[in-house]
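Sequence positions in the sequence shown follow UniProt numbering and run 1 to 401. Notes follow the structure.
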Amino acid sequence: MGNGHDAVDHRPDQAGSPTPSLAFAALPPTIEAASQPGEENEFEINEEPFNDGTASVSSSVYAFTYERGRRYHCFKNGRYPIPNDDQEQEREDMKHAMLMELTDGTPFYAPTGDHPQTIVDVGTGTGELPLGTLLPPCCPALPSPALPCHASWHPRRYEHGRPALVAVTCRDMTDAHPSLGDRYPSARVLGIDLTPIQPVWLPPNVEFLVDDCEKEWLVADVDLVHFRFMAIFLHDINLVLSHAYKSMRPGGWVEFQELDGTPFCDDGTMTDDDAFQRLHHVASEAYAALGMSMSAASRLESVLIDAGFVNIHCKILKVPIGVWAKDKTMRLIGLYQKTAVLEFMPAMAGRPFEALGIPAAEAQLKLAMARKALEDTTVHRYFNYYFWYAQKPTEPMSHGP
């Protein structure tokens, strides 16, 4: 990886190994903090309020519920305690742009070969991974142009300290990260989610399905099952992996791209009484009350083994929270991460904090203190991102005589 934040690179063992062969990643090197005065100010960090507007529902078949000015899905109501409105969709798209910067545009690390035929993206959200940056409907090759451009997160545009949602025209497409549908034109790319917030204008080999991944899967002979930001929200990850395993062809791959929500610091600048760290402790309790774990990303090894996967690999990448890093690309990634955290805080104070019975006034105070703490660029917090990928054996596992 070219940005200097790779953890370790492992070659997969020979396909079909009868026992789980583990390739563990050492922690990546420490992120160097900015040393020149003003480097951390290049994005003009100014916190601006965002509105709570929600998208209109275009069809009565899409039923939503509204709480505290935010919109939530109704299918399997309560399974996913995060809103699905425009504000959250923009945040999800921004996180996708951040990961594309972090991984130099690598959509996944699993060595599927050049021609995977079936890819399933579980928890696809807005469909950013299957779709990438779509060719806008203004392209003259398309019939009945409807829109002047396509709005997308631009990886190197920012306004008022926040990554910018900009209009991308046809001529900009050469700089965009290609979608999975474009990368693998012969493949069927299926995105699955609990909520129908994906675009309706799709390439011919991309489709979306509103479904619950904890129920039986109907797809078969899958080359890659992909999860991103899902481990924390899966109530029964062993059940989901059993469904994934059954759906995959022998030799197929599964990949998790997950955030460990614990803030870390390598140089002692984050103290034990840090307000953001205190907020993390409360959030961890809140999600635990909902049957979820904010540190699930670091514990996927055992569940992959139990599910029967072999050739298990892990990359760990550090992501700064804020613009304190010396490297300019890492500062941009840190800006994305900090913005994603700030815009997630109101949702955190909704259903998760309610699960602990935290009064609204107390919740707002905790959030305000954490927001103030994140503005201090002398505190060098970061998250660990885990990229786990593992293979279904090409031969049945041997369980002894």
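C-beta: ideal position from N, C-alpha, C; glycine also. In this text, all values refer to a predicted model and were calculated from it rather than measured experimentally.
Check	Outcome
Three Cβ pairs or more, each shorter than 8 Å: is that satisfied between the stretch 239-256 and the stretch 358-372?	no
With the cut-off set at 9 Å, would you say Q277 and Y386 are in Cβ contact?	no
Quick check on D223 - is its C-beta less than 9 Å from some C-beta in chain D?	Absent here is chain D; the protein component of the structure consists of one chain.
Give the secondary structure of T339 by DSSP, where H, G and I count as helix, E and B as strand, and everything else as coil.	helix
Quick check on the burial criterion: 16 or more other C-beta atoms within 10 angstroms. Buried or exposed for N238?	exposed
Have a look at V200 and F108 and give me their C-alpha separation to the nearest angstrom.	24 Å
Can you tell me which residues form a DSSP beta bridge with N384?	D260 and K318
Return yes when the Cβ of L131 is within less than 9 Å of the Cβ of G69, no when it is not.	no
Can you tell me whether P346 is buried or exposed? The criterion is at least 16 other CB atoms within 10 Å of its CB, across all chains shown.	buried
When DSSP labels each residue in this structure, what does Y245 get in the three-state scheme?	helix
Could you tell me which of D85, C74, K392 and P28 sits nearest to F344, measuring between CA atoms?	D85
What residue from M348, M369 and V341 has the CA that sits closest to Y382's CA?	V341
Distance check for H235 and L290, CA to CA, integer angstroms please.	9 Å
Here's the rule I'm using: 16 or more other beta-carbon atoms within 10 Å means buried, otherwise exposed. How should T195 be labelled?	buried
With DSSP run on the structure shown, which of helix, strand or coil describes R68?	coil
Measuring alpha carbon to alpha carbon, tell me which residue in A220, L259, T271 and H226 is nearest M248.	A220
Tell whether a beta-carbon distance below 9 Å holds between L224 and I119.	yes
Is it true that the CB of P28 sits closer than 9 Å to the CB of L317?	yes
In its own chain, which residues sit with a C-beta less than 7 Å from the C-beta of M369, not counting the 5 before and 5 after it?	A275
How big is the Cα-Cα spacing for P359 and A231?	28 Å
What do you reckon, are the CB atoms on T377 and G322 nearer than 9 Å?	yes
Please name the residue, chosen from P81, A288, Q198 and W217, that lies closest to G125 on a Cα-to-Cα basis.	Q198
What three-state label does DSSP hand residue 406 in the structure shown?	Any answer about residue 406 is impossible in this case: the structure gives the chain only from 1 up to 401.
Using only CA atoms, which one of M330, V310, L356 and E354 lies nearest to E395?	V310
Taking all protein chains shown into account, do 16 or more other C-beta atoms lie within 10 angstroms of the C-beta of R351, making it buried, or fewer, making it exposed?	buried
State the Cα-Cα distance for the pair K315 and F227, rounded to the nearest angstrom.	15 Å
Give me the residue from A325, A288 and Y287 with the minimum Cα distance to D266.	A325
Measure from the alpha carbon of S302 to the alpha carbon of each residue in Y389, L99, D272 and F233, then state which is nearest.	Y389
Suppose contacts are defined by Cβ-Cβ distances below 9 Å. Is D193 in contact with L218 by that definition?	no
Give the straight-line distance between the Cα atoms of A286 and L241, rounded to the nearest whole angstrom.	25 Å
Exposed or buried, which one is E128 when buried takes at least 16 other CB atoms within 10 Å?	buried
Which residues in the same chain have their Cβ closer than 6 Å to the Cβ of S222, if we skip the five residues on either side of it in sequence?	As written in the sequence, residue 222 is Val, which differs from the Ser given in the question. Within the same chain, V222 has close Cβ partners T118, V120, S247, M248 and G252.
Of all the options H313, F229 and G123, which has the alpha carbon lying nearest to the alpha carbon of L190?	G123
For H280, collect the residues of the same chain with a Cβ closer than 6 Å to its Cβ; drop the 5 residues on either side in sequence, then sort them by chain order.	P263
What does T118 pair with, by DSSP beta-bridge criteria?	R188
Measure the alpha-carbon distance for G308 versus A244 and round it to whole angstroms.	11 Å
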